[in-house]
Amino acid sequence: MKVHAQRLIAARLGLALLTLLIVSAIVFGLTGLLPGDAAQQALGQAATPEQVAALRHQFGLDQPALQRYFEWLAHVVTGNFGTSLSNSMPVSQLIATRLPNSLMLAGLTTLVSVPVALLIGILSAMFRGSLLDRTLNVLTLSTVAVPEFLIATIAVLIFAVKLRWLPALSYLSEVTSFGALVRIYAMPVTTLCCVIVAQMARMTRAAVLDQLNAPYVEMARLKGASPARIVLRHVLPNTIGPIANAIALSLSYLFGGVVIVESIFNYPGLASLMVDAVTNRDMPLVQGCVMVFCSAYLVLVLIADMCQIISNPRLRQR
Amino acid sequence: MNRPATSHGTTVLYSAHGEEAKPCADALQDVPIEALAVKRSVFRRLASRFSVLGLIGLTIIVFWLGVAFIGPLVAPYKGGAVTSTEIFGACSAAHLLGTDYLGRDMLSRVLYGTQYTVGLALASAVLASCIGTFIGLVAAVSGRWVDEILSRLFDALISIPSKVLALVIIAAFGSSVPMLIMVAALAYIPGAFRISRSLAVNLMTLEYVQVARARGERLLYIARVEVLPNMIHPMLADFGLRFVFIVLLLSGLSFLGLGVQPPDADWGSLVRENIGGLSEGAPAVLMPAVAIATLTVGVNLLIDSLRRHGARANGGGR
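Protein chains in written order, with my numbering: chain S, 1 to 318; chain A, 319 to 636.
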């Protein structure tokens, strides 16, 4: 009965895996083409050519590029990203210590931003053209265009420097109670929310408006249903797909936003690990981080696709 | 759709084409893709039917474009000149926007920085939009396999967050002005490609394109004469959005210290340089950030008002 939907989901799954494969090739190509030599970098200027050659051999840098790619891929599939060049620890272990922190930040941001964005989007679609709609429109337009470091610095200026309510840097070791958790996460989460709520709200509004113009809404209006009932009972079930897509897209923007936010608040997450890796030219670590980011993106898109497929009754009945 | 008669087409087919073109172009407007809403005639009506917010946006854009060209000429001091003994000075008659962390005039720094922020972003946005449009057109016009391969490749590229992709490339190749333009363009080609491809695919199904095919026109001719002119306006609106994203990306990179390198400075690096003045509430750290915000908000306002008018002229019933 649900064969059609299952086949669709399987196709999406295969597509995501293919995309991940291409991403791995692009990432390895970019970092493999590196003009800077990792062995030279690790040993510094004073190293003798013999030492460099020995280390190159140890890293396997003297092998052909294609062979290195397939060896690397074989390791990555088993969860082994190699050893960090700068501190000789396994990359997977470094990532494992940082990933929960980033997931926590992303999770809290999602918890706060999604309900707010949905509320704004649905309200401004219901009262389109009103003062509320226009105000929300200008407000979301401006926040989507403001760089996240401006929001973050202003927030630090007001809440940490002037009012002294919140700490300017995030020390996760101090998280002992719920109050401490709120104090530490308040500013990073608010900054990230500012960035993505606007985008999400605009897309939600567009999706709801699109449905409000449909004939079945006119029918519901003619039979005397209240505006709230029309939106909640008739329109929302039809917009689950587009809204899930909008949420996935906005949350994927989160991965870019955390790069700035984590380095401003000195938050020990995956993005700040990656920025450090970039400045140290620690390529195995960069590769590992990028692959984690891309997998997370693909999982998000996959979930959104599944919401779309499952929420579509036409696919259920076939 | 007036164009010279070609030697290929028979008279019958050609006249059919002439009659079909107009209704088809109108039918196209009903396609519920937001980007299509920007209508052909919008630019003719600009003068009379511009909303106040759109006008404000246009004014801001023209202002910053002007500053980018003549900024260094009208700056009160040379860009790098230390002109005051006061660090993080407040606004005064001699230094309208105060002084920075070395006692340089902030107004001159911002004026000199404009050409980097606006110029780099403009160059990358033009590159990204042109290349994206071109490849999207190629994908839509060519056969299924080319389309499939290109689409998979760009889907993979799009699943790497733009900031993360930029970080990887900068880690590999270092940071210079040409490199920054390449990085920003590469990060936003996939987005332009997606929109351009979906527009072109829709256009390819229309009758007048089929007639051109039946007439035996070459693919290059169909792409250039039949499809491209109908994509220009939606792609222009998309170009504006890409410009905003690129301004934010480049200033974010500069803020992390990976963008424009000293002694040159764009607005993002100005914020980074002067971040120490944050606790004193110095204008030096706020002004460049405000400059970025006005530029991006201005472009967004203009695009938004163009879209709205496009939708209204369309009879979309919003």
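All residues carry an ideal CB built from backbone N, CA and C; glycine is no exception.
The Cβ neighbour count for GLU262/S, taken over all protein chains shown within 10 Å, is at least 16; the residue is labelled buried. For the pair VAL91/S and GLY82/S, the CB atoms are nearer than the 7 angstroms cut-off. Fewer than three beta-carbon pairs drawn from the region 256–271 of chain S and the region 124–132 of chain S are found closer than 8 angstroms, and the two stretches are therefore not classed as touching. Within the same chain, and ignoring the five residues on either side of GLN199/S in sequence, the residues whose Cβ sits closer than 6 angstroms to its Cβ are VAL144, SER250. In the DSSP assignment, ARG542/A falls outside any alpha helix (DSSP H), carrying neither H nor E. Contact note: VAL589/A reaches chain S through PRO147, PHE149, LEU150, THR153, using a C-beta cutoff of 9 angstroms and chain order.
Here THR83/S is bridged, per DSSP, to PRO90/S. Counting only Cβ-Cβ distances below 7 angstroms, GLY256/S has contacts in chain A at PRO479, SER480, LYS481, VAL482, in chain order. DSSP places THR31/S within a helical segment (H, G or I) once states are collapsed to three.
For THR417/A, the beta-bridge partners assigned by DSSP are ASP423/A.
Among the residues facing chain S, LEU566/A is included, as its CB has a counterpart in that chain under 7 angstroms away. Under the three-pair Cβ rule at 8 angstroms, the region 429–436 of chain A does not count as touching the region 473–491 of chain A. Interface annotation, ILE303/S: not in contact with chain A, CB-CB separation never under 7 angstroms. Per the coordinates, the alpha-carbon of PRO64/S lies some 29 angstroms from the alpha-carbon of LYS481/A.
In the three-state reduction of the DSSP assignment, GLY575/A falls in the coil class.
The three-state secondary structure of ALA214/S, taken from DSSP, is coil.
Put simply, the CB of THR377/A is far from chain S, with every gap to its CB atoms at 7 angstroms or more.
Taking C-alpha positions only, ARG134/S is separated from GLU544/A by approximately 38 angstroms. For LEU485/A, the uninterrupted alpha helix (DSSP H) segment begins and ends at 480–491. Excluding residues up to 5 positions away in sequence, LEU619, ASP622, SER623 lie with their Cβ nearer than 8 angstroms to the Cβ of LEU371/A in the same chain.
The shortest C-alpha to C-alpha distance from LEU604/A to any of ALA207/S, ILE151/S, ALA248/S is the one to ILE151/S. Each residue's CA atom was taken as its position, placing VAL519/A and PRO552/A some 14 angstroms apart. Three or more beta-carbon pairs separated by less than 8 angstroms link the region 442–455 of chain A to the region 495–504 of chain A, which places the two stretches in contact. Annotation: LEU559/A to MET291/S spans about 27 angstroms, alpha carbon to alpha carbon. Identification of residues in the region 61–78 of chain S having a C-beta nearer than 8 angstroms to some C-beta of chain A yields an empty set. The count of Cβ pairs closer than 8 angstroms, one atom from the region 276–293 of chain S and one from the region 213–233 of chain S, stays below three, leaving the stretches out of contact. If you keep only unbroken alpha helix (DSSP H) runs of at least 4 residues inside the region 187–259 of chain S, you get 215–222. Burial of TYR526/A is indicated by the presence of at least 16 other C-beta atoms within 10 angstroms of its C-beta.
Boundaries for LEU166/S: no alpha helix (DSSP H) harbours it, and the DSSP string shows neither H nor E there.
Of the candidates ALA25/S, GLY179/S, HIS4/S, ALA25/S places its Cα closest to the Cα of TYR69/S. Not a single CB atom of chain S sits nearer than 7 angstroms to the CB of GLY450/A.
Listed along chain S, the residues sitting closer than 9 angstroms to ASN618/A by beta-carbon distance are LEU141, SER142, VAL144, ALA145. Between SER272/S and CYS193/S, the C-beta spacing is not below 7 angstroms. Per DSSP, TYR395/A lies in no alpha helix (DSSP H) segment and is marked neither H nor E.
In summary, VAL436/A is buried, with 16 or more beta-carbon neighbours lying within 10 Å of its beta-carbon over all protein chains present. ALA201/S is positioned such that its CB atom lies closer than 7 angstroms to that of ILE120/S.
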